[in-house]
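Have a look at the structure below before the remarks.
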Amino acid sequence: MLELLKRTPYLCSFTMSLYNYIIPNIAYIIYGILGVLLLFQLYYILFVYGKLAAHKARSFKDAENLPPLSVIICAHNEQHNLETFLPKILAQDYPEYEVIVVDDYSSDESQWVLQAFKATHPHLRIVEIKEHIQLKHSKKFALTLGIKAAKYEHLVMTDADCEPQSSEWLKEIGGAYSASKEIVLGYSPYFKKPGFLNKLIRFETTHTAMSYLSYALKKDPYMGVGRNLSYLKSLFFKGKGFNAHMHIKSGDDDLFVNQNATKQNTHIAIAPDAHMYSVPKETWSSYYKQKARHSGASVAYKNRHQFMLATQLVTAFLFYIVLFLAIALFPSLWYIGIGVFFFRFLCQFIVFRPIFLKLKVKDLLFWLPILDVFFYFYICLNGLFNRKKKQRSW
1182 MLELLKRTPY LCSFTMSLYN YIIPNIAYII YGILGVLLLF QLYYILFVYG KLAAHKARSF
1242 KDAENLPPLS VIICAHNEQH NLETFLPKIL AQDYPEYEVI VVDDYSSDES QWVLQAFKAT
1302 HPHLRIVEIK EHIQLKHSKK FALTLGIKAA KYEHLVMTDA DCEPQSSEWL KEIGGAYSAS
1362 KEIVLGYSPY FKKPGFLNKL IRFETTHTAM SYLSYALKKD PYMGVGRNLS YLKSLFFKGK
1422 GFNAHMHIKS GDDDLFVNQN ATKQNTHIAI APDAHMYSVP KETWSSYYKQ KARHSGASVA
1482 YKNRHQFMLA TQLVTAFLFY IVLFLAIALF PSLWYIGIGV FFFRFLCQFI VFRPIFLKLK
1542 VKDLLFWLPI LDVFFYFYIC LNGLFNRKKK QRSW
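Each residue of the sequence shown is one higher than the last, beginning at 1182 in the numbering used here.
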């Protein structure tokens, strides 16, 4: 104790010196932190997303030796969507394919809608799941039944509320296969509708696609979306299907790709005719629940993918927080913060513009500064509250 008392003046002197150094230099420290965060962001913008910006969206619809395809759709009470969108899938200009619709114990008129289509489209096959009070399952169970029923090796996944951009959608997907490819990642935007929520949903979907397509081009694929995804039936069974993550409600698409994609076996198909449009959520609550499900799946990604995605997301979130603090605490230096913001925005615009043109969301460029802020805050907060929530079957 005596020794501590002797050393106390020195400790107090050191503390005061540290205090006297930090307070006058706090502006430099905050702007230094902002600069570090900017460097992280520039890495992702220029060296990750830049891959997709420089990529030429090649069309595969004229490829030779197109493989037979099995298109698989899981539907639960999707009568209206089946009536609206299934005809576009049944009318694809493709030499040999089948469409398998797994009717997952629907209580509406889906059964009769499907039977009517089957009468005029012999390549439509129906797999029915009857409800069992003791058997509550997820979409993964229904999808597994559809995959087992498929008679072709090359599988294509989509949803009942999806509409292909053209009658040559399957040619783009099937043509992307080669001897070494086992997975083809497609792109699935949402329909454009009025309102800010629709803009945010479309921006978030574009940003997600921009990320997983860029990493696929970097030979590190980590996810895909089940609205427009293709892989081999043999790969599904070799990887034991969805067994590793059957307990998680979502993840029939991104977790499967995360588990089975490699540097060599994955290709992307993003030419305009390869796009698959989908119906967006129309209320904030339904969108929140959708993103909550997706957040639950991300905890099962490979560690390196969790780290790289978290780093990108957190540094962008903190960039805006620190930028706000810097301008609020030191208004006389506002021009530095504004300059940093516009420099990042300029880099974004240069890289994002060719990407947004490829992905057919040019209208969102005008809203980029606003949507970018909303995107990071909404996704971060949603993930914070829902990342550890227990996932249950549908």
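Ideal Cβ positions, reconstructed from N, Cα and C, are used throughout, including at glycine.
- Taking the Cβ atom as the reference point for each residue, do residue 1427 and residue 1339 lie within a distance shorter than 7 Å? no
- Task: Please report the Cβ distance between residue 1337 and residue 1250, rounded to the nearest whole angstrom; I am assuming they are in contact, meaning their Cβ atoms lie under 8 Å.
- Result: 5 Å
- Would you kindly work out how many angstroms separate the C-alpha atoms of residue 1202 and residue 1209, rounded to a whole number? Any answer about residue 1202 is weak, because its pLDDT of 46 lies below 50 and its placement is not dependable; what the coordinates show is given next. Taken atom to atom, the span from the alpha-carbon of residue 1202 to that of residue 1209 is near 11 Å.
- Query: Grouping DSSP H, G and I as helix and E and B as strand, with all else coil, what is residue 1559?
  - Reply: helix
- Is it the case that the Cβ atoms of residue 1507 and residue 1212 are separated by a distance below 7 Å? yes
- Task: Rounded to whole angstroms, what's the CA-CA distance from residue 1262 to residue 1444? Just pull it up for me.
- Result: 36 Å
- Task: Specify whether the region 1265-1277 and the region 1347-1355 touch according to this definition: at least 3 beta carbon pairs, one from each stretch, less than 8 Å apart.
- Result: yes
- Task: Return the chain-ordered list of same chain residues with a C-beta closer than 8 Å to the C-beta of residue 1248, the five sequence neighbours on each side being excluded.
- Result: 1333, 1334, 1335, 1355, 1358
- Query: Using the rule of at least 16 other Cβ atoms within 10 Å of the residue's Cβ for burial, across every protein chain shown, is residue 1516 buried or exposed?
  - Reply: exposed
- the region 1298-1309 touching the region 1402-1416, judged by at least three CB pairs closer than 8 Å: no
- Return the chain-ordered list of same chain residues with a C-beta closer than 8 Å to the C-beta of residue 1561, the five sequence neighbours on each side being excluded. 1494, 1495, 1498
- Considering residue 1391, what are the terminal residues of the alpha helix (DSSP H) in which it resides? 1377-1398
- Query: How is residue 1323 classed by DSSP in three states: helix, strand or coil?
  - Reply: helix
- Task: Thinking residue 1409 and residue 1361 are a contact (beta carbons under 8 Å), I'd like their distance in whole angstroms, please.
- Result: With a beta-carbon spacing of about 21 Å, residue 1409 and residue 1361 fall beyond the 8 Å limit used to define contacts.
- Query: In chain order, which continuous runs of the alpha helix (DSSP H) of length 4 or greater are located wholly inside the region 1434-1516?
  - Reply: 1435-1441, 1465-1479, 1484-1510
- Query: Quick one: Cα of residue 1381 to Cα of residue 1481, how far?
  - Reply: 26 Å
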